[in-house]
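Chemist: Numbering (our numbering), first residue to last: -2 to 703.
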């Protein structure tokens, strides 16, 4: 215990294998597609202290072999990831004290479901507050705008009911080059606010890349023991207060339980002054344990749900009618080994035009509701059954018992940093509106989202699990089908702020599974570099071309440059050329002279600025398209980068670290920054001899530095 607790060697998992039982083991992977490993049914009941039997030892060797093979393969991957990260972030240096931005990011507790993974106080520690932090109950100011949040302030935030804190982050920093001290916050190496000249980019890249090598070696310590996280099944209130239900639609089933049938319902807990002190998301199919406006005590259960399967519930009472549910074609009966009961499982049919669904009808054959049944789900009703609202129609087992191995982790980190499209991409709604199901053509179903002003339609291929029901209300950015949301969709629908948040949280998730702690700001620095470019939509009167990818700073500078100018539409009798950009003062002066001479004056119009849409580049792309061609050429695709630079006559201002190293200059970080170049330092030493007793003067007396 002392050994593992002090952190000298060994982890809880390893002690568990010495003293407990080894438990379930993961089968070695057969597929190369990176699918997760299945679990071998019978657990190893012995532990390393008692010794294993031959079979148990053999099963264990799976894990050891896998660990060694992984290690060899993954060290290279991790090294390459680090190199790409360093290359994309090498020119992020702290260049100024305060960029003067008024932007910030709202930070809340990081939750998975309702379980708090990282509390708010930990996430804002060492950041600078972007607005005053005020305790809603006592109205006391805990920190003012521009204060750094110390351990003491973070502690007071924890004790208060504050749910959201607005802090400055490197993602919203408006420094022209690099970042500023206030947006970066505390330097984690010293515990003080970061100083100007710190190479925070390289620090961030190494902080993310270094655990990468550990991640890869990680599976091999625990040797294939199935990493498994137990599921939560209920939520209890954290405070005393009054319940307020929002968007919670519910029906009562035969057992008298109140079951929710809305997807985005929320329970808010209000205090005596009618302020919200906590908010909980209520999942579809949860059983409510509280009523609206009811007073509750702390740790009282609000709602519970089935942790092992998602459900589909009848919204209305009526008679069940099966459509396209044909035995051995779209469903088959299977024997459940544990219970000995027969279950009907929906299978994928070869006929793409069959679309298995359950329809609830009334006595006169009017359709009251129809439910699409995803593949692998279990039917809970039969054709012709009578059901009442709130009854269970279908159970969809959640993916449990698949192990997540961090080797799935390193490729996942790379996939996020490279901003690749995920394999099974979810369809995401672009507008707020109500769901309608369209027709099916060649096995492709149409999903229609209708709002007051517009209608969007989406094509969903056969066999994809649709998460929404007819007449559900969905918000923009919400998933309509199962799968991973693509970062590009988030950027398009919700903007850069949300995509930054998503990337930071997703990358953290991978590392957290391995128990590796990385501060958000390191990932933030990299994500900032991925969003540096914008795509010109309409070039207006600027020198850009539509479709150009330009640096964000250059774009705004160009727009600023033409902001106070005008465009000559008709030169009249002046010497101006039509379409030329010039400033208004000189045109006014010319017009004055022309009027005096009774000649035709110059006609003009205001300039039109360029418009843009943000783009998300993967780290490799971002590194290859930096302003510095020397840095890009030393990274990858040297010939291409150099030919591009030569043909477009590029100049390199030697701003980053890499290009200066290559040219043999002093690097512009630390004391090499240009602002420290002209410091004069005078040293004066008193020429007095020490006296006979050998009394030396103190150091302050001897050395005076101006």
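C-beta: ideal position from N, C-alpha, C; glycine also. No experiment lies behind these values; they were computed from the predicted model shown.
Considering only C-alpha positions, which residue in the set 474, 523, 315, 480 is nearest to residue 463?
Modeler: Along the chain shown, read from residue 1 onward, the residue named residue 463 stands at position 466. Nearest of 474, 523, 315, 480 to residue 463, Cα basis: 480.
Chemist: Buried or exposed for residue 390, going by 16 or more other Cβ atoms inside 10 Å?
Modeler: Along the chain shown, one-based indexing puts residue 390 at 393. Buried, because 16 or more other Cβ atoms sit within 10 Å of the Cβ of residue 390.
Chemist: Check the DSSP bridge columns for residue 199 and list the partner residues they point to.
Modeler: As a first step, residue 199 must be located in the chain shown, where it is residue number 202. None; residue 199 has no bridge partner.
Chemist: If you follow the beta strand (DSSP E) that residue 278 is part of, which residue opens it and which one closes it?
Modeler: Position 281 of the chain shown holds residue 278. Residue 278 -> beta strand (DSSP E) spans 273 to 279.
Chemist: Mapping DSSP to helix, strand and coil, what is residue 119?
Modeler: For the purposes of this step, residue 119 is taken as residue 122 along the chain shown, with counting starting at 1. Looking at residue 119 - three-state DSSP - the assignment turns out to be helix.
Chemist: Just to confirm the assignment: which complete beta strand (DSSP E) runs, minimum length 3, are found wholly within the region 121 to 209?
Modeler: With a minimum length of 3 residues, the continuous beta strand (DSSP E) runs that stay inside the region 121 to 209 are 138 to 140, 162 to 165.
Chemist: Taking the runs of the alpha helix (DSSP H) that are 4 residues or longer, which of them lie wholly in the region 54 to 125?
Modeler: DSSP runs (the alpha helix (DSSP H)) wholly in the region 54 to 125: 117 to 121.
Chemist: To which residues of the same chain is residue 445 closer than 7 Å at the C-beta, ignoring the five residues directly before and after it?
Modeler: Your numbering for residue 445 matches position 448 in the chain shown. Correct list, in chain order: 433, 435, 452, 454.
Chemist: How is residue 699 classed by DSSP in three states: helix, strand or coil?
Modeler: Locating residue 699 in the chain shown gives position 702, where the first residue counts as 1. Here residue 699 scores only 43 on pLDDT, less than 50, and its place in the model is too uncertain to base an answer on.
Chemist: So, are the CB atoms of residue 126 and residue 146 less than 8 Å apart?
Modeler: Position 129 of the chain shown, counted from the first residue, corresponds to residue 126. Position 149 of the chain shown, counted from the first residue, corresponds to residue 146. Going by C-beta atoms, residue 126 is nearer than 8 Å to residue 146.
Chemist: With C-beta atoms as the reference, is residue 293 less than 8 Å away from residue 237?
Modeler: For the purposes of this step, residue 293 is taken as residue 296 along the chain shown, with counting starting at 1. For the purposes of this step, residue 237 is taken as residue 240 along the chain shown, with counting starting at 1. Going by C-beta atoms, residue 293 is nearer than 8 Å to residue 237.
Chemist: With a cut-off of 8 Å, do at least 3 Cβ pairs link the region 294 to 302 to the region 366 to 377?
Modeler: No, because fewer than three Cβ pairs between the region 294 to 302 and the region 366 to 377 fall closer than 8 Å, the two stretches do not touch.
Chemist: Based on Cα-Cα distance, which residue from 558, 89, 640 lies nearest to residue 522?
Modeler: As a working mapping, residue 522 is identified with position 525 in the chain shown. Here the closest residue by C-alpha is 89.
Chemist: Which class does residue 454 belong to by DSSP, given the choice of helix, strand or coil?
Modeler: Start at 1 with the first residue of the chain shown, and residue 454 comes out as number 457. Residue state, collapsed to three classes: strand.
Chemist: Quick check: what's the CA-CA separation for residue 530 versus residue 11?
Modeler: Here residue 530 corresponds to residue number 533 of the chain shown, with the count starting at 1. Here residue 11 corresponds to residue number 14 of the chain shown, with the count starting at 1. Each residue's Cα considered, the two are about 46 Å apart.
Chemist: Return the first residue and the last residue of the alpha helix (DSSP H) that residue 623 is part of.
Modeler: As a working mapping, residue 623 is identified with position 626 in the chain shown. Element bounds for residue 623: n/a, residue is neither H nor E.
Chemist: Could you tell me whether the region 552 to 566 touches the region 631 to 644, where touching means 3 or more Cβ pairs closer than 8 Å?
Modeler: As far as the Cβ criterion goes, the region 552 to 566 does not touch the region 631 to 644, which means the pair count is below three.
Chemist: Using a Cβ-Cβ cutoff of less than 7 Å, which residues in the same chain neighbour residue 601 once the five nearest sequence positions on both sides are dropped?
Modeler: Within the chain shown, residue 601 is the residue found at index 604, counting from 1. Counting only Cβ-Cβ distances below 7 Å, and skipping sequence neighbours, we find 563, 564, 565, 566, 584.
Chemist: With burial defined as no fewer than 16 other Cβ atoms inside 10 Å of the residue's Cβ, what is the status of residue 3: buried or exposed?
Modeler: Against the chain shown, residue 3 aligns to sequence position 6. Burial call: exposed.
Chemist: Within the continuous alpha helix (DSSP H) that includes residue 643, where are the two ends?
Modeler: Reading the chain shown from its first residue, position 646 is the one you call residue 643. From DSSP, the alpha helix (DSSP H) with residue 643 extends over 635 to 644.
Chemist: Within the continuous alpha helix (DSSP H) that includes residue 678, where are the two ends?
Modeler: Here residue 678 corresponds to residue number 681 of the chain shown, with the count starting at 1. No alpha helix (DSSP H) contains residue 678, which DSSP labels as neither H nor E.
Chemist: Rounded to whole angstroms, what is the Cα-Cα separation between residue 582 and residue 265?
Modeler: Position 585 of the chain shown, counted from the first residue, corresponds to residue 582. Position 268 of the chain shown, counted from the first residue, corresponds to residue 265. Their Cα atoms are separated by approximately 59 Å.
Chemist: Could you pull the start and end residues of the alpha helix (DSSP H) that residue 714 belongs to?
Modeler: What is shown of the chain runs -2 to 703, which leaves residue 714 out entirely.
Chemist: Quick one: which unbroken beta strand (DSSP E) runs of 3-plus residues sit fully inside the region 547 to 597? Chain order, please.
Modeler: Qualifying beta strand (DSSP E) stretches, in chain order: 562 to 567, 578 to 580.
Chemist: Taking just the CA atoms, how far does residue 678 sit from residue 698?
Modeler: Stepping through the chain shown from its first residue, residue 698 is reached at position 701. Stepping through the chain shown from its first residue, residue 678 is reached at position 681. Per-residue confidence for residue 698 stands at a pLDDT of 46, beneath the threshold of 50, marking its modelled position as unreliable; no derived number is given.
Chemist: If you compare alpha carbons, which of 178, 152, 490 is closest to residue 610?
Modeler: Position 613 of the chain shown, counted from the start, is the residue given in the question as residue 610. Nearest C-alpha to residue 610: 490.
Chemist: Could you say which of 496, 477, 194, 475 lies nearest to residue 484 if we only look at CA atoms?
Modeler: The residue you call residue 484 lines up with position 487 of the chain shown. It is 496 whose Cα lies nearest to the Cα of residue 484.
Chemist: Considering just the uninterrupted stretch of the beta strand (DSSP E) at residue 233, what are its terminal residues?
Modeler: As a first step, residue 233 is located in the chain shown; it is residue number 236 there, counting from the start. Residues 231 to 233.
Chemist: So, under 8 Å CB-CB, residue 406 and residue 501 are touching, yes? Tell me the CB distance rounded to an integer number of Å.
Modeler: In the chain shown, counting from the first residue as 1, residue 406 sits at position 409. In the chain shown, counting from the first residue as 1, residue 501 sits at position 504. With 8 Å as the limit, residue 406 and residue 501 do not qualify as a contact, their Cβ atoms being about 16 Å apart.
Chemist: With 16 other CB atoms within 10 Å as the buried threshold, where does residue -1 fall?
Modeler: What you label residue -1 is simply residue 2 of the chain shown in a count that begins at 1. It counts as exposed.
Chemist: Just to confirm my understanding: we take residue 321, look at its own chain, exclude 5 residues before and 5 after, and list those with CB closer than 7 Å. What are they?
Modeler: Position 324 of the chain shown, counted from the first residue, corresponds to residue 321. Result list for residue 321: 327, 351, 352, 353, 354, in chain order.
Chemist: Between residue 423 and residue 478, what straight-line distance do the alpha-carbon atoms span, to the nearest angstrom?
Modeler: Indexing the chain shown from 1 puts residue 423 at position 426. Indexing the chain shown from 1 puts residue 478 at position 481. One C-alpha to the other measures close to 5 Å.
Chemist: Could you tell me which of 336, 161, 330 sits nearest to residue 375, measuring between CA atoms?
Modeler: Position 378 of the chain shown, counting from 1, holds the residue named residue 375. Residue 330 is the option with its Cα nearest to residue 375.
Chemist: What is the rounded straight-line gap between the Cα of residue 347 and the Cα of residue 440?
Modeler: Within the chain shown, the letter at position 350 stands for residue 347. Within the chain shown, the letter at position 443 stands for residue 440. Cα to Cα, the separation comes out at about 11 Å.
Chemist: Taking the continuous beta strand (DSSP E) assigned at residue 531, which residues delimit it?
Modeler: Start at 1 with the first residue of the chain shown, and residue 531 comes out as number 534. 530 to 535 is the span of the beta strand (DSSP E), which, as asked, contains residue 531.
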